[in-house]
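**Q**
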Amino acid sequence: MIDLAGRALDVAPTLLGAELTSRLGGETVRVRLVEVEAYEGTDDPASHAYRGRTARNGVMFGPPGHLYVYRHLGLHHCANVVVGPPGTASAVLLRAAEVTAGLEVAWRRRLASGVCRAERDLARGPARLAVVLGLTREHDGMAVGGAAGDALVTLTPGTAAEEIELATGPRVGIGGSGPVAAAWPWRFWIAGDVHVSAGR
DNA sequence: CGTAAGATTTACT
DNA sequence: GTAAATCTTACGA
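So, in structure tokens, the structure goes:
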């Protein structure tokens, strides 16, 4: 079981290589996470929670292990997993993944609301990943389960034998949040993996 | 109540 | 490479 109670900076790297399974809509899609970003809530100028609790980000102020899904530019959804002690409003943004099961479902969902050419682009980018998993704002606050149980969304560790080469760098798309926060290397990905997003 | 800006993606020049 | 799409949230008056 993955421990989500720690700080976002500590939890984020442990999510790389982990498998996220969605049974939303009665169809199963499983992905292997290859890229995430840490958001340290109220202490992080780039976080949605930086200016305190609001109607949109309320979920982040609750207990860890829940989804925070928000709409961006009216067109896209991005999904986070809430982590850390309750009240810290920490979360990990899921930025990219490799689809390992439910490929057919993933393709249908991507083609229904956009264009997708290569298989490696199926879940390459936070909004694309949300589409593949079937996540929308309706699922904001939904609980994330472990391997056991009947949760609609579950998170399980990757294979122990798997060797992951970790890479870190500045987060993407938060340039307007201030030069300091933009420079913090709070983005984590699996080095060399083709499913990692290009960034900016 | 009005306005500005956003943790992005896609299409076009 | 640059720009447009599109709407919700947040903040100022």
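Here the numbering used here is used: the first residue of the first sequence is 69, the next is one more, and so on. Ideal placement from N, C-alpha and C gives every residue a C-beta, glycine not left out.
Looking at C-alpha atoms only, which residue of D71, G126 and A164 is the closest neighbour of W277?
**A** No information on residue 277 is available, as it lies outside the stretch 69 to 268 that the chain covers here.
**Q** Within 10 angstroms of the Cβ of V221, are there 16 or more other Cβ atoms? Answer buried if so, exposed if not.
**A** In the first sequence, residue 221 corresponds to position 153, counting from 1. Burial call: buried.
**Q** Is T96 closer than 8 angstroms to A276 when the C-beta atoms are compared?
**A** For residue 276 there is no data in the structure shown, the boundaries of the chain being 69 and 268.
**Q** Can you tell me which of the three DSSP states G152 falls into?
**A** For the purposes of this step, residue 152 is identified with residue 84 of the first sequence, where counting begins at 1. Of the three classes helix, strand and coil, the one that applies to G152 here is coil, per DSSP.
**Q** Would you call the stretch 117-135 and the stretch 208-218 in contact, with 3 or more CB pairs under 8 angstroms?
**A** These segments touch.
**Q** At which residues does the beta strand (DSSP E) containing E103 begin and terminate?
**A** One-based indexing of the first sequence puts residue 103 at position 35. Run containing E103: V97 to Y107, per the beta strand (DSSP E) assignment.
**Q** Under 8 angstroms between the Cβ atoms of L143 and L234?
**A** Working through the first sequence from its first residue, we reach residue 143 at position 75. Working through the first sequence from its first residue, we reach residue 234 at position 166. No, these two residues do not count as a Cβ contact at 8 angstroms.
**Q** Assuming S265 and G202 are in contact, meaning their beta carbons sit under 8 angstroms apart, how far apart are those beta carbons, in whole angstroms?
**A** Here residue 265 is taken as the residue at index 197 of the first sequence, counted from 1. Here residue 202 is taken as the residue at index 134 of the first sequence, counted from 1. Contact doesn't hold; Cβ gap of about 20 angstroms is too wide.
**Q** Count the other CB atoms within 10 Å of the CB of A73; is the residue buried (16 or more) or exposed (fewer)?
**A** As a first step, residue 73 is located in the first sequence; it is residue number 5 there, counting from the start. That one is exposed.
**Q** Flag this pair as yes or no: are the beta carbons of V102 and E166 separated by less than 8 angstroms?
**A** Against the first sequence, residue 102 aligns to sequence position 34. Against the first sequence, residue 166 aligns to sequence position 98. Yes. Within cutoff.
**Q** Quick check: the stretch 117-124 against the stretch 170-185, are there 3 or more CB pairs under 8 angstroms?
**A** Short answer: they don't touch.
**Q** Terminal residues of the continuous beta strand (DSSP E) containing W257?
**A** Walking along the first sequence from the start, residue 257 turns up at place 189. Its beta strand (DSSP E) spans residues R255 to I258.
**Q** Tell me which same chain residues have a C-beta within less than 6 angstroms of the C-beta of G109, skipping the five on either side of it?
**A** Along the first sequence, read from residue 1 onward, the residue named residue 109 stands at position 41. So the qualifying residues of the chain are S115, A117, T156, A157 and S158.
**Q** For V271, count neighbouring C-beta atoms within 10 Å of its own C-beta (all shown protein chains included) and say buried if the count is 16 or more, exposed if not.
**A** A question about residue 271 goes unanswered here, because the residues of the chain that appear run from 69 up to 268.
**Q** I need the DSSP call for E166, collapsed to helix, strand or coil.
**A** Here residue 166 refers to the residue found at position 98 when the first sequence is read from its first residue. In this structure, E166 counts as strand in the three-state DSSP scheme.
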